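Report on the following structure.
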Amino acid sequence: EFMPPLDEGSYLYMPTTMPHASIGEAMDVLQLQNKFLVSIPEVESVVGKIGRAESPLDPAPISMIETYITYKSEYKTDKDGHRLKFQFDEKSGGFVRDKFGELVEDENGRPFRQWRDEIKTPNDIWEKITEAADIPGTTSAPKLQPIAARIVMLQSGMRAPMGMKVKGPDLETIEKVALQIEGLLKQVPTVQASAVIADRIVGKPYLEIDIDRDAIKRYGLHIRSVQDVIEVAIGGRRITTTVEGRERYPVRVRYARELRDEAESLGRILVPTPMGSQIPLEQLAEIRYVRGPQVIKSEDTFLLGYVLFDMKSGNAEVDVVEDAQAFLQEKIDSGELILPAGVSYTFAGNYENQLRSQKTLMVVLPLALGIIFLILYMQFKSVITTSLVFSGIMIAWSGGFIMLWLYGTEWFLNFDLFGTDMRTLFQVHTINLSVAVWVGFLALFGIASDDGVVIASYLDESFRKDRITNIEHAREATVTAGVRRVRPCLMTTATTLLALIPVLTSTGRGSDIMVPMAIPSFGGMTIEIMTMLVVPVLYCSAMEWKLRLGIKDERFAKDA
230 EFMPPLDEGS YLYMPTTMPH ASIGEAMDVL QLQNKFLVSI PEVESVVGKI GRAESPLDPA
290 PISMIETYIT YKSEYKTDKD GHRLKFQFDE KSGGFVRDKF GELVEDENGR PFRQWRDEIK
350 TPNDIWEKIT EAADIPGTTS APKLQPIAAR IVMLQSGMRA PMGMKVKGPD LETIEKVALQ
410 IEGLLKQVPT VQASAVIADR IVGKPYLEID IDRDAIKRYG LHIRSVQDVI EVAIGGRRIT
470 TTVEGRERYP VRVRYARELR DEAESLGRIL VPTPMGSQIP LEQLAEIRYV RGPQVIKSED
530 TFLLGYVLFD MKSGNAEVDV VEDAQAFLQE KIDSGELILP AGVSYTFAGN YENQLRSQKT
590 LMVVLPLALG IIFLILYMQF KSVITTSLVF SGIMIAWSGG FIMLWLYGTE WFLNFDLFGT
650 DMRTLFQVHT INLSVAVWVG FLALFGIASD DGVVIASYLD ESFRKDRITN IEHAREATVT
710 AGVRRVRPCL MTTATTLLAL IPVLTSTGRG SDIMVPMAIP SFGGMTIEIM TMLVVPVLYC
770 SAMEWKLRLG IKDERFAKDA
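Here it is as structure tokens:
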């Protein structure tokens, strides 16, 4: 994935009602939804809205609901996100409260958990939210957080972490294909079926007034005259401005709501003729309901519709998109999904960032390794010695991946120590490869060669000083030098590992990024201790190989 999901402490729940729902119906749904969401014990506050501000930058229809849901932290914390401890009574098995019912803080107490026992992660809270907000007449919604949702919207225009853009010649065709794709995506194993939503583009009821030109001609009316009456009656017209001190207010005139809220009422609007008579509008025009789009989207000059979806927990975004692409292509090949002429689809969302980052990392990682190799060569002036030291980086690299694998297992750190669950303390869960993880590997590359440099430098110095004469002498010098460098290497590694433990156990702001960055470094430096064995053995093997072949070296005696 591109980046680990940040825990913002809140969710943005964005379901939609049917396109033909009125403002009153949408408000009723919003109030009912808020009532159900507030009843969840883990939810702290709920704020919902429909519609948009008077700005073209946020074209949200009435049918789109935005609800900001803030949930309680798992444990009571201070403003910096650190857990607070409260006095606990061992006899009663409960927390002590004062006369006002508040918890009593105690440094030697226990943290107070605010979630129910069955709620283990924020994903469990999201499942409760979707269950509580399941109201007839509304769709579900993909899992979003406020900040992440705004970033996704700015990048792709969609209100989901991933989705499809269906392009076509007309809106009806786009909607038809999008609904077919919606049904197929729900069958993909890695896709969250309840989060698959296709735009209902053509479903908004419109009131169309078709003026009969022959009829208005009989009464001597012009098109503009009839349109002026319709404008004033329905939309209103600004006739003047009232000035109240420094404030100015426009004054608009239009019919009362009860005279324009139904097609029959509009038909009774009177249109004055040049002869002075009043003719009902229904005699001059045909008034009818038609279905039309609630919003018209376009991209690259093509009309556009969205199919939103989300992944099941435990999957990476790129893998889910690839599964969906393969599944849809299989349905197209089998003839189950037929795309009309002029219709195409593309996938969009956060996974595009991952693809771009992969291309960048394919350049950055080899470049970083090459620079490290060059710096080591400048130190040792020998390709063989440099390669031996460089092997420590490969060993550490494998250690980083082993640690990532351990974090994805169920048994790793699955025990309590002094009443503290180690999996909770170290936040053990599946870690996907992301930019944060690769940054951790880059940091590991820079420090993984430390022990190798310490040992190889001392071996070089010892061999030059002793002037090796034979293979037995080389092995003896290697063992002596290796033993003397154990303590410095352990101190170097230990200081790095100890410095990473506070990062691995951090729970405050930014820990969602810092922990994945620290895991490769911690695992790599743990395994990197093996370089105390690997580098001397390889170094000695290289020297023995030179002695057997009779290759001259400044570290050998003249008669070697």
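Under the numbering used here, the first residue of the sequence shown carries the number 230, and numbering increases by one thereafter. Here a beta-carbon is modelled for each residue, glycine too, at the ideal position from N, C-alpha and C. This structure is a prediction, so every number in the text was calculated from the model and none was measured.
For L617, same chain residues with a beta-carbon under 6 angstroms away, outside a window of 5 residues either side, are V764, L767 and Y768 in chain order.
Each of L241, D318, K396 and L776 was checked against the Cα of L568, and the nearest Cα belongs to K396.
DSSP places V536 inside the beta strand (DSSP E), whose first and last residues are F531 to F538. By a beta-carbon distance limit of 8 angstroms, G669 contacts M746. Their separation comes to about 4 angstroms.
The alpha-carbon separation between D457 and I440 amounts to approximately 12 angstroms. Membership of F609 in the alpha helix (DSSP H) is indicated by the continuous run Y580 to F609.
The three-state secondary structure of Q507, taken from DSSP, is strand. Bridge partners of M393 according to DSSP: V536 and F576.
Contact annotation: the segment 413 to 430 touches the segment 535 to 553, with at least three C-beta pairs closer than 8 angstroms.
S385 sits in a helix when the DSSP states are folded into three classes. Taking 3 residues as the minimum length, the beta strand (DSSP E) runs contained wholly in the segment 469 to 531 are 476 to 482, 499 to 501, 507 to 509, 514 to 522 and 526 to 528, in order along the chain. Beta-bridge pairing by DSSP links R312 to T306. Distances from the alpha-carbon of L513 to those of K588, T649, G496 and L762 put G496 closest. Just measuring C-alpha positions, the residue of L413, G280, V272 and R345 sitting nearest D552 is L413. Here E701 is exposed: its Cβ has fewer than 16 other Cβ atoms, across all protein chains shown, within 10 Å. Counting only unbroken stretches of 4 or more residues, the alpha helix (DSSP H) elements lying wholly within the segment 691 to 772 are 700 to 713, 715 to 733 and 740 to 756, in sequence order.
For F324, DSSP records a beta bridge to F317. In this structure, the beta-carbon distance from L266 to T296 falls below 8 angstroms. Contact between the segment 639 to 647 and the segment 715 to 726 is not established, with fewer than three Cβ pairs separated by less than 8 angstroms.
Cβ neighbours of E303 within its own chain (closer than 7 angstroms, five residues either side excluded): R342, Q343 and W344.
In the structure shown, D650 falls within a strand segment according to DSSP collapsed to helix, strand and coil. Inter-segment contact for the segment 574 to 586 and the segment 381 to 393 is present: three or more beta-carbon pairs are separated by less than 8 angstroms.
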